[in-house]
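**Q** What follows is a structure written as C-alpha cells; I'll ask about it next.
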C-alpha cells in the first residue's frame, strides 16, 4: 500500500473504533442515564437515519466539486462536535440536536472515505482495498464496543461523558491524520460511461447503476436492516434465544468477517462480480432457512441456539464476499470524476434500507414468525435474480476487473503505482 492508502485505512479503523465506543449504548444513555425516556431514545436513533438522508444528496456533489478530503475533514469536525455535545447534553432538545450533528458527520464520512480509496487504487487493487476497509471497520467496531462496555456505568453519567469524549477525540485525531494525505489522481478503466454533468439526472440515466442501487437496497434491507430488529426479535420470541446467546450470535457475525475476509477475497477477486453477489443471495437464503429451523423446528433449545448463531455466521460470510465486490463496482460504474456522486447515492440507498428494514422486519419478526422467515428467504433469492440481471448490463471490465490490467488509464498526472 502507498502512504495515502495506509492513512485512509488508519482513518477507517479510528472512525469505527470511536463509533464502537458509543453506538451500542446510545439507547441506554438517553433513556436511562439521562432519564429522558424510551420515546426520546427512539427519536435519537431515528435522527441518525434522518440526518443521513438529508445530507447525503448534497455530499456527493460536494465531493465532486471540492474533492473527498475537504468534505471528509468537515464531516469529522461536525461529528466531533456532535459526539462531545451529546456527552454533556441533559435535555431532549440538546440530545436530538447533538445526535443530528453526529449522524450527519458519520453519514458523510462513508462516501468520502470510499471515494478516497477509489482515487488511491487501481482497477486491480480496488477489491483488496475495500476488503481491508471492511475488515478494519468491523475490527474497530468490535474492539471499541468491547472497551466501551468495560468503561460504562449506568449509574454514572460521567462514564458516558468519557465515552463520547473519547469518540470525539478519535474524530479529531483522524482530522490530523487525514490532513497529511496527499491524494493522487484516480485511474479509470475502459467501458465506463462518458463524463458529464454532476447531476442526479445523469446518474439515473445509468441503467446499470440504477439496477445496482435496487440490488443494494434489497441487500441492506434483507441483511443489515434485520440484525438488531426483526431477526433479533424473531430469535427471542420464536426461538427462545437468551440475550447472552443473542450477543454470541452478533459476535459470531463479526468473528466470521474478521477471520474469513482475506480467505474469501482470494476466492472472489478472480470471479465475476455479478456471480459473487448472486452466490451471496443463495448463502443468505440458507441462513434464513437455518433461522427458520431455530424458531419453527422441534429441536432442543441447544440446537435452536446453535442454529441461530450459525445464521449470523452465514450472514457474516456473505458480507465478507460483498465487501470486495459491491463498493468497487460502484466506483467502476462512475464516469470520470463522479465517484463521489455515485458513492453518496449508494450510501443514500443503504440508509433508506436501514431505515425501512427495522420498521418492516421488527413487527414481523416479533409476531408473524413463519411469514417473516418466508418473506426474507424470498428476498434473498431475489438478490440472486437481480445480480444475474445486473451482470447482463456490465461491461467485461466492470464485471471481471482483473481483465482490465491492460486497460487502466491514468486520469492525468502520474499513474498510480500498482502496489498501492
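Numbering (this note's numbering), first residue to last: 86 to 505.
Backbone N, C-alpha and C fix where the C-beta goes; we use that ideal spot for every residue, glycine too.
Owing to the predicted nature of the structure, the values given are computational and were not obtained by experimental measurement.
1. To which residues of the same chain is residue 217 closer than 7 angstroms at the C-beta, ignoring the five residues directly before and after it?
2. Taking the alpha carbon of residue 432 as the point to measure from, which residue in 139, 363, 290 has its own alpha carbon closest?
3. On a Cα-Cα basis, can you pick out the residue from 193, 129, 127 that is closest to residue 97?
4. Is it true that the region 305-313 meets the region 462-477, where meeting means three or more beta-carbon pairs spaced less than 8 angstroms apart?
5. Return the residue from the list 209, 195, 153 that minimises the CA-CA distance to residue 267.
6. Counting along the chain, where does the alpha helix (DSSP H) carrying residue 161 start and finish?
7. Could you check how far apart the C-beta atoms of residue 56 and residue 227 are, in whole angstroms? I think they sit under 8 angstroms.
8. With a threshold of 16 other CB atoms inside 10 Å of the CB of residue 383, please say whether the residue is buried or exposed.
9. Between which two residues does the alpha helix (DSSP H) containing residue 92 stretch?
10. Is the beta carbon of residue 341 sitting closer than 8 angstroms to the one on residue 293?
11. Could you say if the region 175-195 and the region 401-418 meet the contact criterion of at least three C-beta pairs nearer than 8 angstroms?
12. How many angstroms separate the CA atom of residue 169 from the CA atom of residue 247?
13. Can you check whether the CB of residue 331 is closer than 8 angstroms to the CB of residue 320?
14. What is the rounded straight-line gap between the Cα of residue 147 and the Cα of residue 156?
15. Answer with buried or exposed for residue 435, where buried requires no fewer than 16 other C-beta atoms within 10 angstroms of its C-beta.
16. Going by beta carbon distance, what residues of the same chain come within less than 6 angstroms of residue 348, once the five residues before and after it are set aside?
17. Roughly how many whole angstroms lie between the Cα atoms of residue 120 and residue 243?
18. Quick one: grab the DSSP three-state call for residue 420.
19. Answer yes or no: the CB of residue 224 versus the heavy atoms of the ligand ADP, is any distance below 7 angstroms?
20. For residue 457, which of 374, 101, 105, 102 has the nearest alpha-carbon?
21. Run through the region 209-279 for me and flag every whole beta strand (DSSP E) of 3 or more residues, listed as ranges in chain order.
22. Apart from the five residues just before and just after residue 122, which ones in its own chain have a Cβ nearer than 7 angstroms to its Cβ?
23. May I have the straight-line CA-CA distance separating residue 203 from residue 391, to the nearest angstrom?
24. Check residue 312 in the structure and name its three-state DSSP category.
25. If I measure Cβ to Cβ from residue 358 and keep anything under 6 angstroms in the same chain, skipping five residues before and after, which residues do I get?
26. Classify residue 120 as helix, strand or coil using the three-state DSSP reduction.
27. Look at the alpha carbon of residue 214 and the alpha carbon of residue 476, and state the distance between them as a whole number of angstroms.
28. Tell me which residues share the same chain as residue 161 and place their Cβ nearer than 6 angstroms to its Cβ, disregarding the 5 neighbours each side in the sequence.
29. Between residue 376 and residue 224, what straight-line distance do the alpha-carbon atoms span, to the nearest angstrom?
30. Within 10 angstroms of the Cβ of residue 369, are there 16 or more other Cβ atoms? Answer buried if so, exposed if not.
31. What is the C-beta distance between residue 300 and residue 177, in whole angstroms, given that I count them as a contact (C-beta under 8 angstroms)?
32. Can you tell me whether residue 131 is helix, strand or coil according to DSSP?
33. According to DSSP, is residue 447 helix, strand or coil?
34. Might you give, ordered along the chain, the residues of its own chain that have their beta carbon closer than 8 angstroms to the beta carbon of residue 188, omitting 5 neighbours on each side?
35. Using the Cα positions of residue 334 and residue 185, report the straight-line distance between them to the nearest angstrom.
36. Is residue 399 helix, strand or coil by DSSP?
**A** On the basis of the supplied data:
1. The residue labelled residue 217 in the question sits at position 132 within the chain shown. Same-chain partners within the cutoff: 94.
2. The count along the chain shown starts at 1 and reaches residue 432 at position 347. For residue 432, the nearest C-alpha among the options comes from 139.
3. To locate residue 97, count along the chain shown from 1; it is residue 12. Nearest of 193, 129, 127 to residue 97, Cα basis: 193.
4. yes
5. On the chain shown, position 182 is the one that residue 267 refers to. Considering only alpha carbons, the answer is 153.
6. Translated into positions along the chain shown, residue 161 becomes position 76. Unbroken alpha helix (DSSP H) run through residue 161: 153-173.
7. With the chain represented from 86 up to 505, any question about residue 56 goes unanswered, as that position is not in the structure.
8. Position 298 of the chain shown, counting from 1, holds the residue named residue 383. With fewer than 16 other Cβ atoms within 10 Å, it is exposed.
9. What you label residue 92 is simply residue 7 of the chain shown in a count that begins at 1. Note, residue 92: alpha helix (DSSP H), 88-107.
10. Position 256 of the chain shown, counted from the start, is the residue given in the question as residue 341. Position 208 of the chain shown, counted from the start, is the residue given in the question as residue 293. Going by C-beta atoms, residue 341 is not nearer than 8 angstroms to residue 293.
11. no
12. Mapped onto the chain shown, residue 169 falls at position 84. Mapped onto the chain shown, residue 247 falls at position 162. Rounded to whole angstroms, residue 169 to residue 247 spans 9 angstroms at the Cα level.
13. Your numbering for residue 320 matches position 235 in the chain shown. Your numbering for residue 331 matches position 246 in the chain shown. Yes, the pair counts as a contact, with Cβ atoms nearer than the cut-off.
14. On the chain shown, position 62 is the one that residue 147 refers to. On the chain shown, position 71 is the one that residue 156 refers to. Rounded to whole angstroms, residue 147 to residue 156 spans 7 angstroms at the Cα level.
15. The residue you call residue 435 lines up with position 350 of the chain shown. By the 10 Å Cβ count, residue 435 comes out buried.
16. If you number the chain shown from 1, residue 348 lands on position 263. Within the same chain, residue 348 has no close Cβ partners at all.
17. Sequence index remark: in the chain shown, residue 120 carries index 35 (1-based). Sequence index remark: in the chain shown, residue 243 carries index 158 (1-based). So the alpha carbons of these two residues sit roughly 14 angstroms apart.
18. The sequence position of residue 420 within the chain shown is 335, counting from 1. If DSSP states are grouped into helix, strand and coil, residue 420 belongs with coil.
19. Inclusion of the ligand ADP in the displayed structure is not the case, the ligand content being empty and no account of it being possible.
20. For the purposes of this step, residue 457 is identified with residue 372 of the chain shown, where counting begins at 1. Selected option, being the one with the closest Cα: 374.
21. none
22. For the purposes of this step, residue 122 is taken as residue 37 along the chain shown, with counting starting at 1. Cβ neighbours of residue 122 beyond the five flanking positions: 116.
23. Taking the first residue of the chain shown as 1, we reach residue 203 at position 118. Taking the first residue of the chain shown as 1, we reach residue 391 at position 306. Their Cα atoms are separated by approximately 39 angstroms.
24. Position 227 of the chain shown, counting from 1, holds the residue named residue 312. DSSP places residue 312 in coil when its eight states are reduced to three.
25. Along the chain shown, read from residue 1 onward, the residue named residue 358 stands at position 273. Counting only Cβ-Cβ distances below 6 angstroms, and skipping sequence neighbours, we find 410, 414, 484.
26. Within the chain shown, residue 120 is the residue found at index 35, counting from 1. Looking at residue 120 - three-state DSSP - the assignment turns out to be coil, as it is neither helix nor strand.
27. Here residue 214 corresponds to residue number 129 of the chain shown, with the count starting at 1. Here residue 476 corresponds to residue number 391 of the chain shown, with the count starting at 1. Each residue's Cα considered, the two are about 22 angstroms apart.
28. Position 76 of the chain shown holds residue 161. So the qualifying residues of the chain are 256, 259, 260.
29. Position 291 of the chain shown, counted from the first residue, corresponds to residue 376. Position 139 of the chain shown, counted from the first residue, corresponds to residue 224. Residue 376 and residue 224: Cα-Cα distance of roughly 25 angstroms.
30. Residue mapping note: residue 369 aligns to position 284 of the chain shown, counting from 1. Buried.
31. On the chain shown, position 215 is the one that residue 300 refers to. On the chain shown, position 92 is the one that residue 177 refers to. That pair is no contact at about 39 angstroms.
32. Residue 131 sits at position 46 when you count from the first residue of the chain shown. If DSSP states are grouped into helix, strand and coil, residue 131 belongs with the helices.
33. In the chain shown, the residue the question calls residue 447 occupies position 362. Looking at residue 447 - three-state DSSP - the assignment turns out to be helix.
34. By 1-based counting over the chain shown, the position of residue 188 is 103. So the list reads 132, 133, 134, 135, 136, 137, 167, once near-sequence residues are dropped.
35. In the chain shown, the residue the question calls residue 334 occupies position 249. In the chain shown, the residue the question calls residue 185 occupies position 100. So the alpha carbons of these two residues sit roughly 30 angstroms apart.
36. Numbered from 1 along the chain shown, position 314 holds the residue referred to as residue 399. Helix.
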